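*Asks:*
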Amino acid sequence: MGRKPKEDVNRPIMVGLVGAGGMAKYHVAGFRKAGAEVVAIADPDADAAERAAAKFDVTQVYDSLEDMLAQTKMDAVSILTPNKFHCPLVLQALKAGKHVFCEKPPAINAKEAAQMARVAKDKRRVLMFDFNNRARPEAMAMKAAIARGDAGRINSMQALWVRRTGIPGFGGWFTTKALSGGGPVIDLLHMIDLGLHFMGYPEARYVLAATYRDLITDKRFKGPWGIPDKVGGTCDVEAAANGLVLFKNGATLYLRTSWAEMNKREEVSVTFQGTKAGGLVRRLFAADGIDATAEDLCEMYFQDAAGNNADKVISTVKDKEMGRVRSAENFILTLQKKEKPLNTPDEAVKLMKIIDAIYASAKTGAPVRVR
Ligand SMILES: NC(=O)c1ccc[n+]([C@@H]2O[C@H](COP(=O)([O-])OP(=O)(O)OC[C@H]3O[C@@H](n4cnc5c(N)ncnc54)[C@H](O)[C@@H]3O)[C@@H](O)[C@H]2O)c1
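So that you can map any letter, position 294 of the sequence shown is 294 in the numbering used here, and since no number is skipped, the others follow by simple counting.
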C-alpha cells in the first residue's frame, strides 16, 4: 500500500463561502488579507452565486453547502445567509470537520447557539461569529484601556444602535421573524455585545424590556441599501426596543435599538461609567446607513488629583467598514495561531440568552430571569 502524501503545512487555509449576498465582499477581503484562499461559493440562488463568483474570481460554484463539501477540499466555511439558516449550516460544516466563521446573530435563539457551541467543542473546531464591531480600531483601543485597568470596575453601560430611517426592506427575510429571529434587537445586537465584551461578559440575572412596532410598515422609514421589498411578504418584527439588563455582579446595561424611530440621526454607541473613568465609543451618521458619512469617536473621562476633568480622546485610524474586514481576517489569523479569537461560542450563548430575555420580557411585560 502506498503512503498518503504528506499535507503541506504551509499551504494557505482554504475557505468556502455559504451565501453570496451583501456581506460576501467583507469576508472575501478579510480572508485574503490574512493569506487564505476563497475556493468556492454556495448559494441556492444560482444568479447570486455566479455573480459573486465572477466578482471575487472564485471558480467553484454550488447550490448547497452539501455539494460544496462533497466536491471541493477546504479547511473552513463561512456562513452568511439569513439568520434562520445559521444553526443548521454551522452544525453541518462542523460535523464535516470544518472550522466555521458565521455572521451575526449567532442563531435565532440561545438554544440553537448552545447546540452550535457544544458541537464545536465536541469536534474541536474553531467557531467564531462576525461581531465586527469588536474589531473596530476604537473598540480595540477601548478594550485595551479597560483591560489595563484604566476604567476601574465598570458599574453601568448604555448600548445604543438607533436609526431614523433604517428598515431593511419590507416583507423580505429581515422583517419576517421566522427567518430573522426579530427586528433591530437581534439584527443590531452588536452594541449589547460590545458592552458585554468591555465588561468581560458578566452573567446576566434579569432583563426588563419593551418593543414597539409603530413604524414597521411605514414606507418613509426604509433604509438606503436598495434591499427590495417583497409584495405580500411579512413584517412581524419590532421597529424599536428599550431595555435594562441587571448582571449577577451588580452591573447594569441599558439598551436602546431601532430601525425606525423619531431620532435626529443614526447613532451607534457604547457609553460606560467605571470607578476610575468613564468612556464612550461612538459612530454618528450624517445620513442613516451610509458608512461613508460616519464620524467615529473614542474617549475616556478622568478626574485628576486636583479634581479637574482630565478627559482623553483616544485617536485611532479610521475604519469606514466598521471592522468587517478586520473581523474576518482575525478568524484566519486565529486558525493560523497568530491571533487570539475576538469572540468565543460561550459568549455567543450568553448574548443570545439576553436577546431571548428581551423578547420574552417585551411579550409578558414583566422582568425575565436569565438562566
Ligand atoms: N456584520 C454585519 O455588519 C452585517 C451586516 C449585514 C448583514 N449581516 C448578516 O449577514 C447575513 C447575511 O446578510 P446579507 O445582508 O448578506 O443577506 P442577503 O439577503 O444579501 O444574502 C443572503 C444570501 O444567502 C443566500 N441563502 C439563503 N439560504 C441559503 C442556504 N441555505 N445556503 C446558502 N445560501 C443561502 C440567499 O440566496 C442570499 O443570496 C445575515 O445573518 C445578516 O444578519 C451582517
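Glycine included, each C-beta is placed from N, C-alpha and C at the ideal position.
Please read these numbers as outputs of a predicted model, since none were measured by experiment.
Which residue comes first and which comes last in the beta strand (DSSP E) that contains residue 354?
*Replies:* No beta strand (DSSP E) contains residue 354, which is instead part of the alpha helix (DSSP H) from 345-364.
*Asks:* Compute every distance between the C-beta of residue 83 and the non-hydrogen atoms of ligand 1, then say whether any falls below 8 Å.
*Replies:* yes
*Asks:* Quick check: the Cα distance between residue 374 and residue 128, rounded to an integer number of angstroms?
*Replies:* The chain is shown from 1 up to 371; residue 374 falls before or after that span and cannot be answered.
*Asks:* Ligand 1 heavy atoms versus the CB of residue 322: any closer than 8 Å?
*Replies:* yes
*Asks:* Assign residue 85 to one of three DSSP states: helix, strand, or coil.
*Replies:* helix
*Asks:* Residue 301 and residue 286: beta carbons closer than 9 Å?
*Replies:* no
*Asks:* If you reduce the DSSP assignment to three classes, tell me which class residue 115 lands in.
*Replies:* helix
*Asks:* Pull up the distance between the alpha-carbon of residue 131 and that of residue 204, whole angstroms please.
*Replies:* 19 Å
*Asks:* Residue 56 and residue 77 look like a contact to me (Cβ under 8 Å); what is the Cβ gap, rounded to whole Å?
*Replies:* The C-beta distance from residue 56 to residue 77 rounds to 16 Å, too long to meet the 8 Å contact threshold.
*Asks:* For the putative contact between residue 116 and residue 107, defined by C-beta atoms under 8 Å, what is the C-beta separation to the nearest angstrom?
*Replies:* 6 Å
*Asks:* List, from N- to C-terminal side, the beta strand (DSSP E) runs of 3 residues or more that fit wholly inside the stretch 140-211.
*Replies:* 154-162
*Asks:* Look at residue 212 and residue 178 and say whether their C-beta atoms are less than 9 Å apart.
*Replies:* no
*Asks:* What's the gap between the Cα of residue 44 and the Cα of residue 19?
*Replies:* 8 Å
*Asks:* Given the structure, does residue 104 come close to ligand 1, in the sense that its CB is under 8 Å from one of the ligand's heavy atoms?
*Replies:* Yes.
*Asks:* Here's the rule: buried if 16 or more other CB atoms are within 10 angstroms of the residue's CB, otherwise exposed. What is residue 262?
*Replies:* exposed
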